[in-house]
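Numbering (the working numbering), first residue to last: 640 to 1013.
A short write-up of the structure that comes next.
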């Protein structure tokens, strides 16, 4: 089956290459590059839209709902390396053709869940007629809860004014840097932890892939537990300082000790802290915005900035530093340390703004009652 489909395509492509020449073929490859960029856009859009779907239903002090969908996805993706390895074994020649089965099976699953999502994902809370899964009484409860929390229950539109308003706020930049640092750490663990386990600690490929799952599972439990505690006492920033500290400790345990168990334990702490940082960046920013339009802009903004974290981790984890990747780990740790300082300054600034609002000297988010959640 593989060769039956492969050979005709290769013959056609060779004929096209001969007919058009290498230069024109490069232009065709540019189309594939655009397709890759579009795929990246859709990934960012999916994360942004997930935020935009979950957050409008939650009150500003509810971090668990904001964290829930991300943590479920992380728990599932923690087995991604194991699943990918298993799918490659379907091919007759796993090293050469195994990657195709990853695209086929995971692509089919994505399409299937996309179709299912059409029937189960709710609309925005203010589209009362479309949310038939709620009774009239339940819809009224949602409306009153959001009115009490935000002071409005109307759909707001994204405009250039709204976009500029978000980008002018200094704390939004701090939250974006927090997301970038968390994403840099998360991508580092996702991409390079199996290599560290295999080449530095001497584990087999199969065991290295299996060992990436427990740290991710622990990170999920840690982040959800801390989200619950954060909601309970209505604090965000001080927990983020703790997440940053735990991440730095975990990275140091991975980079510098020679003991295998110590480095493995460091992966638990480092991945837990990074995941919690990324979740906090999304939820903390959303909690400190009133309108849905601003939330949508912020979601797209912080998702785009966090994507730079993947680029950052790919640049600092260099091939020549394999298998310990000490410079890369230090570079990510430095980013997290900078974020820790920035978060501390943001907490001080937000406290000052709340104090001014209590004294009646300014309005936060255009409301007399709105206060920043610190």
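A virtual CB, placed ideally from N, CA and C, is assigned to each residue, including glycine.
With contacts defined as CB atoms closer than 8 angstroms, residue 962 and residue 849 fail to qualify as a contacting pair. Cβ contact annotation for residue 745 (same chain, cutoff 6 angstroms, sequence separation greater than five): none. The C-beta of residue 760 has fewer than 16 other C-beta atoms within 10 Å across all chains shown, which makes the residue exposed.
For the set 800, 938, 1010, the Cα lying nearest the Cα of residue 874 is the one of 1010. Counting only the Cα atoms, residue 775 lies some 52 angstroms from residue 847. Only residues of its own chain outside the window of five on either side were considered, and among them 901, 902, 904, 905, 908 have a CB closer than 7 angstroms to the CB of residue 892, listed in chain order. Distance from residue 937 to residue 823 at the Cβ level is roughly 20 angstroms; contact not present, criterion being Cβ atoms closer than 8 angstroms.
When 887, 800, 932 are compared, the shortest CA-CA separation from residue 967 is found for 887. Under the DSSP assignment, residue 739 falls in the alpha helix (DSSP H) whose first and last residues are 733–759.
Boundaries of the alpha helix (DSSP H) harbouring residue 884: 876–894, taken from the DSSP string. When the Cα atoms are used, residue 829 and residue 755 turn out to be separated by approximately 28 angstroms. If you check the CB distance, residue 985 and residue 810 come in under 8 angstroms.
For residue 917, the enclosing alpha helix (DSSP H) covers residues 899–926. Only exposed fits residue 977, as fewer than 16 other CB atoms lie within 10 angstroms of its CB. Excluding sequence positions up to five before and after residue 733, its CB lies within less than 6 angstroms of the CB of 727, all in the same chain and listed in chain order. Following the DSSP letters along the chain, one finds residue 933 inside the alpha helix (DSSP H) bounded by residues 931–955. In the displayed model, residue 1003 falls within a strand according to three-state DSSP. Under the DSSP assignment, residue 990 falls in the alpha helix (DSSP H) whose first and last residues are 965–997. Contact between residue 981 and residue 813 holds: their C-beta atoms lie close to 5 angstroms from each other, under 8 angstroms.
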